[in-house]
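Colleague: First, the structure itself, so that you have it in front of you.
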Amino acid sequence: MSTIPHSVEQALAEVAGGSFRLIAQSPGFLVEWEPEAERLCRGYGVPQAGTAIDDALFAQPFGKAHVAVVRVRGDAASLRFRFLILSRELYSKFIADPFLVADRFAPHDALRDLPTLEWPDEPPPPRTVEKLQQVLQTGGSPTLLGAVQALIDGGRLVFDRPAPANQLMRDLWQLLPYSSQAELWPATFVFSGDLSFHVMATPKAADLKLDRFLTEEQALDYPHGRYELALQYAIEHGDQREIDRLFRRRSGRQTLRLAIFILIGAIVLAVVMGLLQPK
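The following block contains the structure:
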């Protein structure tokens, strides 16, 4: 982990009256990153008049080599975006949790001279039986478990909410395997379907005309899957070893990639063996 860049760049941006401006940035926030930051800010959408956002969060790829974890505050007149930019390798291999990133670095009050931050060289906190039991005791465990299984199966989810669904998304993230956490992008509150999220909350989902997204009701009734059932059983019976094993499972994408590598290896081996056969 020590060979991967641990620096975390930050920036503060605003969209007001249809105009975008970068208010402040840390020394390592590159000039060529500004168009991508503007794309994310505009793609987030604009709330209706009278809707105020206290603290929403979303995460997105930021170019090919980085990840953006973004906190949003404001209203229809002015939205402010606080960017945290991390190495994609650092995020996907060792963090894979935008909520952990946001919690680590509290919003900076300065409007100029934002510092470059540093991610600590330590593993993320473990997901213990006790923590996961608390997640399932919230009363929404059937929806959470159905949503987790749907995401693992390659589905996308939208929750109709009048305000940021921060706790819902945090709880959902706690139940996902590491491989899925690294590949999925959440938004606790958003006003547009222009950005590619796997799970999102929005005030009027029907107005966005989202394609192939499951609703909360569909997540509740989602067919039971092996991962969901095994995880629920392990949590309820306090089996930390089985929980850890389930969290280490490969994602569908990783399994497909491995199968392709094995197939290519078999083809290459067959060709080589054929060439070595005496004629």
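The sequence shown maps to residues 1448 to 1726 in my numbering.
Note that the Cβ used here is the ideal one computed from N, Cα and C, for glycine as well.
Here the structure is a predicted model, which is why all the values come from computation and not from measurement.
Between Phe-1509, Leu-1642, Asp-1668, Lys-1656, which lies nearest to Phe-1476 when the distance is taken from Cα to Cα?
Modeller: Taking the first residue of the sequence shown as 1, we reach residue 1476 at position 29. For Phe-1476, the nearest C-alpha among the options comes from Phe-1509.
Colleague: Check whether the region 1576-1588 and the region 1670-1685 are in contact - that is, three or more C-beta pairs closer than 8 Å.
Modeller: Flag = yes, the region 1576-1588 and the region 1670-1685 touch.
Colleague: Taking Phe-1505 as the reference, give the member of Leu-1487, His-1513, Gly-1521 with the closest Cα.
Modeller: Numbered from 1 along the sequence shown, position 58 holds the residue referred to as residue 1505. Selected option, being the one with the closest Cα: Leu-1487.
Colleague: Secondary structure at Phe-1660, three-state DSSP: helix, strand or coil?
Modeller: Walking along the sequence shown from the start, residue 1660 turns up at place 213. Phe-1660: strand per DSSP, three-state reduction.
Colleague: Going by DSSP, what residues sit across from Val-1513 in a beta bridge?
Modeller: For the purposes of this step, residue 1513 is taken as the residue at position 66 of the sequence shown. Note that residue 1513 is His in the sequence shown here, rather than Val. Partner(s): Phe-1509, Ser-1534.
Colleague: So is Gly-1497 buried or exposed if we call it buried at 16+ other beta carbons inside 10 Å?
Modeller: As a working mapping, residue 1497 is identified with position 50 in the sequence shown. With fewer than 16 Cβ atoms within 10 Å of its Cβ, Gly-1497 is classed as exposed.
Colleague: Might you give, ordered along the chain, the residues of its own chain that have their beta carbon closer than 7 Å to the beta carbon of Ala-1666, omitting 5 neighbours on each side?
Modeller: Within the sequence shown, the letter at position 219 stands for residue 1666. So the qualifying residues of the chain are Thr-1590, Gly-1593, Ala-1594, Ala-1597, Leu-1604.
Colleague: Rounded to whole angstroms, what is the Cα-Cα separation between Ser-1525 and Val-1462?
Modeller: Residue 1525 sits at position 78 when you count from the first residue of the sequence shown. Residue 1462 sits at position 15 when you count from the first residue of the sequence shown. So the two alpha carbons sit approximately 6 Å from each other.
Colleague: Rounded to whole angstroms, what is the Cα-Cα separation between Tyr-1538 and Pro-1570?
Modeller: Taking the sequence shown and counting its residues from 1, the one referred to as residue 1538 is at position 91. Taking the sequence shown and counting its residues from 1, the one referred to as residue 1570 is at position 123. So the alpha carbons of these two residues sit roughly 12 Å apart.
Colleague: Using the Cβ count rule (16 or more neighbours within 10 Å means buried), how would you classify His-1671?
Modeller: Translated into positions along the sequence shown, residue 1671 becomes position 224. Result: exposed.
Colleague: Reducing DSSP to helix, strand and coil, say where Ile-1451 ends up.
Modeller: In the sequence shown, the residue the question calls residue 1451 occupies position 4. Of the three classes helix, strand and coil, the one that applies to Ile-1451 here is coil, per DSSP.
Colleague: Alpha carbon to alpha carbon, what distance is there between Trp-1566 and Thr-1450?
Modeller: Position 3 of the sequence shown, counted from the first residue, corresponds to residue 1450. Position 119 of the sequence shown, counted from the first residue, corresponds to residue 1566. In a straight line, the C-alpha of Thr-1450 is about 13 Å away from that of Trp-1566.
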